Each structure stands twice: as structure tokens, then as C-alpha cells.
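So that you can map any letter, position 135 of the sequence shown is 135 in the UniProt record's numbering, and since no number is skipped, the others follow by simple counting. The next block holds one structure in the form of C-alpha cells; read it before the comments.
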Amino acid sequence: MQTRSLSSRDRPTADAVITALAGPDARLRPDQETAVATLATPGSRALVVQATGWGKSAVYWAATAVIRANGGGPTLIVSPLLSLMRDQVSAATRGGLRAATLNSSNVDEWSAIEDDLTSGALDVLLVSPERLANPGFGRRVLDALAGRLGLVVIDEAHAISDWGHDFRPDYRRVADVLQQLNPQTSVLATTATANERVTADVAAQLGAATLVLRGPLARKSLHLNVIDGLSPIERYGWVADQIATLPGSGIVYVLTVADADRLVTAIKARHGDDYPVAAYTGQLPADQRHGLEDDLLGNRVKALVATSALGMGFDKPDLGFVVHVGAPPSPVSYYQQVGRAGRALDEAVVVLLASRMDEAVWDYFATATIPDPQRMDRLLAALAESDGPASVPQLEARTGMRRTRVELACKQLAVDGATERTPDGWVLTGAPWTYDAEHYAGVLAVRRREAEIMRAYIGGRDCLMKLLTQALDDPLAQDCGRCSVCLGHLTPGLSAQVPTETLGIISAALRGQAQLLEPRKMWPGGVFGSRGRIPAGQMAEAGRVLAFADAPQWTDTLAAARQSGEAAETARTELTRAAVAVLAEWGRAGVRPELICALDLGTGLATDLARRLRDIGKRADSADFPVTPGPGPGRDANGAADAAHWRDRLGAPPQLDGASVLLVIDETSSTWPITLAVAALREAGSGPVLPLLVHQTV
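Below you can see the structure in the form of C-alpha cells.
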């Protein structure tokens with residue numbers, strides 16, 4: 001790589017930013033200076049692929065300062081997460097730059113920020129890719145700025161490429177912005193997680209003559225470890241038992257929101273309610289997430305138990321450990337998350353608690369963003385028949401597809417130029433759309449090769465750091481000498497064993513927390529027909545769920561309960577004990593159902609549990625709710641189609657003559673069969689109905 005130097009005029013400006021950010025003796029390294037000098041030349045393009053901690057943000061702050069000092073326009077940074085934006089605004093301010101962000105947490109400030117931007121009072125504006133894709137924002141801000149921007153920064157640029165591990169259709173709006181730019185606007189794309197194919201794809205989207213700065217990706221401070229073969233509840237037990245011995249403060253990554261909440265419960269059951277851990281998920285309000293981030297930055301918590309919502313851009317140089325409960329589907333995404341640790345430490349501990357169940361998650365993510373031709377055709381037909389722009393709810397009703405799938409499909413079609421989002425809804429552009437089978441077969445093949453690399457990583461087939469950096473096509477990938485494969489054992493202080501006592505403590509705590517089952521309040525309309533509010537006299541009471549999704553405290557028990565023999569009897573007894581605890585809780589609140597009715601949707605568990613509860617409570621036998629056997633409505637069905645399906649499957653309700661009812665349901669991912677059964681029972685003369693769902697799947 002040929003190095004470039006800043007001019008004598010520009011160097012003091014860049015140095016002032018770097019010393020403000022990193023101290024009086026700090027200076028740009030030669031590779032950073034090459035990037036800044038390149039971007040200071042109007043119309044330049046640069047792609048920086050460097051390990052976390054290399055200092056990519058220093059490049060765009062210094063380049064912004066130089067461009068502004070030379071009379072150039074402001075910088076637009078496309079950034080994926082609120083936590084990243086908040087850190088970046090703070091860093092820009094320390095560097096002497098005036099920065100602001102437009103996001104969902106500061107709507108009241110948008111107008112003033114946009115005025116400051118168009119007047120030249122701001123040096124930097126940070127926006128999310130979703131904001132960039134909003135047509136109203138584009139009309140008000142981007143159209144006004146397109147000819148005046150001095151620098152565009154695309155952070156986490158691997159998300160532009162559908163060959164990457166984290167492709168986001170909204171990021172493709174960046175390509176549209178690039179088309180509108182003044183030719184004198186420089187563009188910088190940065191990422192720590194791009195292999196050669198993704199690098200080439202991003203560089204091609206940036207345009208000809210893109211300077212690519214790619215460095216070694218191995219992290220010398222990380223001690224990588226894998227522990228395989230633990231059951232779901234044992235993985236929870238390992239974290240609960242080992243967390244106090246892990247160095248400093250850190251992050252425990254889990255795959256779902258439910259996992260985050262459950263694991264925090266398990267840790268507190270082991271160490272006490274005051275133990276400093278908290279769940280961090282994308283469902284929390286922005287101010288609460290900010291508070292948790294600050295607690296971790298200030299070492300006021302031992303760990304945040306987090307979904308991937310706490311990932312890209314979170315900057316804590318002294319993060320002492322990262323633990324994963326479940327393996328991500330890609331070595332690239334795994335590298336990105338473990339790269340949060342040890343940036344300013346000599347040593348940091350990384351542990352992957354793998355499981356045989358992880359591969360089902362990998363299979364889902366491998367195909368989640370691959371367009372389905374049949375869905376696309378249904379959506380295109382609905383748009384073609386629409387009289388003007390169509391909203392996502394309107395398209396949901398017309399196609400029978402789930403709303404989230406409609407929204408993703410519209411964005412995928414927009415990437416290919418077939419649809420466009422207007423302020424009033426989605427419209428066709430007139431451009432034809434065809435399914436590029438060869439391209440998506442290639443994307444799927446890449447993702448399956450990445451899954452195979454994760455199998456190799458979990459199986460310890462080679463140095464763990466070497467496997468990760470090879471997945472990123474790092475030409476300097478080599479054995480690290482520090483991982484559990486190179487050493488032949490776990491990092492000293494770690495154990496693969498989980499005490500039986502710990503498992504008993506956390507299992508009891510988790511099984512004692514039945515999840516609330518909120519009743520539906522509105523009919524779905526659409527093909528179902530009925531719409532509007534469900535009358536109070538047909539609505540269920542607030543119910544309970546014994547096992548939600550893949551709850552680890554119930555995984556083995558549910559599997560055994562579906563079988564026969566002694567193990568099944570033991571498992572069904574455990575479910576009965578948990579159900580009795582729920583009834584006792586209701587009883588303490590003054591709620592005592594008079595009759596018990598089963599709504600069995602296919603496993604037989606509801607019928608068995610209802611019988612056992614009648615025997616324990618010495619309740620009279622009552623007729624169960626008849627259900628016609630058959631397959632479910634399909635994962636793609638929206639609420640209206642789902643409700644219509646179950647309406648046709650449910651038979652005539654039993655006559656219960658004003659009695660209050662405990663309705664025991666075996667297993668479902670939808671609450672529509674419960675909603676419809678309760679409405680039918682109430683119309684047939686029952687009193688209040690309390691649903692008890694054994695297993696809510698997803």
C-alpha cells in the first residue's frame with residue numbers, strides 16, 4: 001500500500017482533533033494518515049477494513065475537521081445503532097466538532113437539528129439507515145444537502161452487501177444517496193468484519209478508484225475458549241456459577257429477548273437479587289438502554305446480558321470478557337461481537353457455550369433475508385392492483401402475509417428497483433423484477449460455508465483465532481498460542497463443570513416464573529371478517545404460560561412429556577406441579593376457576609394436564625374443547641388468515657352453565673386458537689375463562 005501524507009496546512013488541524021480525543025502525545029498512525037489525506041482530496045473514495053480498536057472513527061473525525069477547515073460542507077454519517085450514535089456524538093464534541101443525531105429518541109429536536117444542518121451550524125449529522133430510507137427525511141434534508149456535503153461516512157459498511165453476515169436492505173439507500181452527491185464529496189466506508197468478497201462488493205458500490213485499506217484482524221489480547229455439550233439449563237448454570245470469577249466487567253450475549261430476561265433471573269437466583277447484572281435488549285426504551293450502557297461503561301454492573309442490540313459500535317476499551325450462550329450463525333458476526341473485549345487490555349476472556357440446538361438457529365438465519373419468489377409475486381400483484389400508494393397494513397391484508405414479512409419484501413424489492421417508498425406508502429416503479437436464483441444460491445452457499453466454519457470452531461479443529469481471521473480472508477492469519485485449542489485446555493480459572501446445586505437453584509427460580517399471557521383485544525379483520533374491539537364478554541382473562549419458546553428449564557421436560565414410559569410420567573408430574581403453583585398464585589389473588597377444560601392442539605399434553613388437575617383439585621369432569629386434527633396455518637400466515645384457520649378447526653364449545661373455567665392449552669405459537677375458544681365458551685354461557693398455556697412456541 002502506498003502511503004500518503006497530510007499537507008503542512010492540514011496536519012495541525014488533524015493533530016488537534018486526535019490530541020483532543022486521545023491525549024497530548026497522540027498522532028495519526030501512517031495508515032490512518034493515508035486515509036485522512038485521501039479523503040481530504042475532494043471526490044475521493046476509501047474503504048477501511050480494520051480490526052476493532054484500530055481507530056476508524058479517528059479517521060473520519062480528523063477528515064471532517066480538515067474538510068471543514070478548507071471550506072467544505074458537513075459530514076453525514078450513516079450509523080446502525082443508537083448506542084453507537086450516542087458515543088460518536090460525544091467523541092465528535094470532544095474533538096471540537098459540532099455533531100447531532102436524528103433518531104427515534106429525540107423526535108422533538110429534529111426540526112432544530114435540521115435547521116442547524118442546512119444553515120451550516122453543524123459539522124456532523126449521524127442518521128440510521130432506516131432514517132435515510134425515509135422518504136420524508138430524504139425530501140427535506142438529503143435533497144437540500146446532496147450538493148453540499150463534504151464527506152459521507154458509511155459505518156459498519158458490510159451491511160451494504162447481501163454477501164455479508166448482517167445485510168440490511170435499508171442500507172442500500174446509501175447507494176442512492178451516493179448517486180445524488182456532488183462529485184466533490186468524499187466517501188468513507190468502514191468495517192471490521194468484511195472478507196474479500198464483501199470488500200470487493202462494497203468497493204464496487206462506492207465506485208471506481210476506491211482506496212482499500214485492509215489490515216491484520218487478529219486480536220492479541222483475546223483468550224478464546226469453547227465449551228461444548230452443555231444442555232440449555234447447564235449453559236445458564238455455567239454463567240451463573242462462573243460470572244463472579246470472570247475479569248472486570250463484560251457482556252453475556254444471548255440469542256433472544258426471553259433468554260436475556262431468564263438468564264438474569266438465573267444469575268440473581270445464584271448470587272442474590274442485588275447482584276449487579278441486567279438484561280439489555282432492543283425492546284427496552286432508548287433512555288433505559290442508555291442508562292445500562294453507562295452502567296457498564298462505569299463498571300457499575302458486572303455484566304449486561306444482551307441480545308445483538310448491544311453490538312456494533314459499543315465502545316468500552318477495558319471490557320474484560322465476552323460470553324456467548326449459543327453460537328451466532330457466522331464466524332464474521334461472532335468475531336465482531338467478541339471484538340468488543342480487550343481493546344485496551346493485555347488480556348480478556350472470551351467463552352462460547354455451544355449447543356446442539358444452535359444449528360436450528362443457523363438454518364433460520366441462512367434463509368431469513370433470501371427473497372421468496374412466491375411471496376414477491378403476491379406482493380407485486382397487490383401493489384399492481386392498488387389504487388395509489390399502499391401502506392404495509394393494507395398490503396398485509398391483501399396478501400395474507402405477516403406484516404414483518406411484507407415490510408422486508410418491500411425493502412428487498414426496493415433494493416432491486418421494483419418498488420419505491422413514498423410518504424404515503426409503497427408503489428411500483430415500473431421496473432420489472434425477476435428472482436435472481438443464481439445470485440441467491442451463491443449467498444446461501446456462502447452462509448452454509450460460514451456455518452461449517454462455526455462447526456469447525458466449536459469442534460476445535462484448529463486455532464480459534466486463526467479460524468475467525470481466515471473467515472475474514474486475513475492473509476496474516478496464524479495460530480494465536482492463547483486459545484483453548486492452542487493451549488489444550490481452558491483459560492486458567494475457567495471450568496467446564498456446572499455444580500448440581502447451581503442447577504437446582506436456577507431451575508427452581510425459573511420454573512417459579514410463569515409468563516403472563518395477555519389477552520387479545522382486537523379482531524383481525526381481513527379474511528377473518530370480524531374486526532374492531534373484542535367485546536369484554538368474549539375476552540379472556542390474563543393467562544399464564546408455563547414454558548415460553550425454548551425455555552431451558554423446560555426443554556428436556558417437554559421432550560420427555562411427549563413420549564411414553566417412566567420418563568414421561570416424571571415429566572408430566574413436573575408440569576403438573578408447575579401448573580398447581582400457578583393455580584395457587586391465582587387463588588391467593590381470589591381467582592378460583594370452578595371447571596377445567598382442555599384445548600388440545602395436537603400433543604395430548606393439555607388433555608393429560610387437565611385430567612391431573614381435576615384429580616388434584618377434586619373438580620368435576622367437564623367436556624374438553626373439540627379440535628379437528630390437521631396441520632397449522634403456516635408460518636407465513638398473517639393474523640387474519642391465522643384466526644380464520646383456527647375458527648375452522650375448532651368445534652362446538654362445551655356447555656359450562658356460567659361456571660368460571662381454567663382453559664388448559666398444550667402448545668401453540670399463536671394466541672388465536674385461545675382467543676377464539678374463549679369467545680366461544682363465553683358465548684355458550686361460561687363465566688370468566690383463564691387460559692393456562694403449557695408451551696408457547698415461536
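Positions of the beta carbon are idealized from the N, C-alpha and C atoms, including for glycine. In this text, all values refer to a predicted model and were calculated from it rather than measured experimentally.
- The Cβ atoms of L149 and T185 lie closer than 8 Å to each other.
- For the pair I616 and V591, the CB atoms are not nearer than the 8 Å cut-off.
- Only residues of its own chain outside the window of five on either side were considered, and among them R375 and D636 have a CB closer than 8 Å to the CB of R405, listed in chain order.
- Membership of S186 in the beta strand (DSSP E) is indicated by the continuous run S186 to T191.
- For A390, the CB contacts under 8 Å within the same chain, skipping 5 residues up- and downstream, are A382, L383, R398, G425, W426 and V427 in chain order.
- Annotation: the continuous alpha helix (DSSP H) that includes G504 extends over T500 to R511.
- Here G120 carries a coil assignment [DSSP, helix/strand/coil].
- Assignment of beta-bridge partners to T265 by DSSP yields no partner.
- Distance from the Cα of P247 is smallest, within the candidate group L222, G602, F321 and Y275, for F321.
- For A437 and I370, the gap between their C-alpha atoms comes out near 10 Å.
- The region 210–230 makes contact with the region 332–346: 3 or more CB pairs, one atom from each, lie closer than 8 Å.
- L467 and I453 do touch by the CB rule: their CB atoms are close to 6 Å apart, below 8 Å.
- In the three-state reduction of the DSSP assignment, W523 falls in the strand class, which pools E and B.
- Of all C-beta pairs linking the region 477–484 to the region 195–213, fewer than three are shorter than 8 Å, placing the two stretches out of contact.
- By the neighbour-count criterion, in which 16 or more other beta carbons inside 10 Å mark a residue as buried, D642 falls on the buried side.
- Membership of H290 in the alpha helix (DSSP H) is indicated by the continuous run A286 to L297.
- Residue state for I370 is assigned as coil, using DSSP reduced to three classes.
- Bounds of the beta strand (DSSP E) holding E420 are T419 to T422.
- Around the CB of Y364, fewer than 16 other CB atoms lie within 10 Å, so the residue is classed as exposed.
- Residue pairing for C597: DSSP places it in a beta bridge opposite L663.
- According to DSSP, residue pairing for I77 in a beta bridge involves L126 and V153.
- Inter-residue distance for S686 and L692 is about 16 Å (C-alpha atoms, whole angstroms).
- Boundaries of the beta strand (DSSP E) harbouring V349: A348 to L353, taken from the DSSP string.
- One thing to note: R131 has its Cβ within 8 Å of the Cβ of L102.
- Each of L613, V187 and A584 was checked against the Cα of P42, and the nearest Cα belongs to V187.
- Per the DSSP secondary-structure output, F321 pairs in a beta bridge with G250 and V349.
- Between the C-alpha atoms of M539 and G525 there is a straight-line separation of about 17 Å.
- A distance below 8 Å separates the beta carbons of A92 and V124.
- Under the three-state reduction of DSSP, L310 is assigned to coil, being neither helix nor strand.
- Annotated three-state conformation of M539 is coil, per DSSP.
- Contact holds between the region 595–602 and the region 613–628, because three or more Cβ pairs, one in each stretch, are under 8 Å apart.
- Taking C-alpha positions only, L97 is separated from Y60 by approximately 11 Å.
- In this structure, the straight-line span from the alpha carbon of R356 to that of I160 is close to 31 Å.
- Residue pairing by DSSP leaves T256 without any beta bridge partner.
- Taken in chain order, the complete beta strand (DSSP E) segments of 3 or more residues contained in the region 92–118 are 99–102.
- About 10 Å separates the CB atoms of A51 and R214; that is not less than 8 Å, and the two are not in contact.
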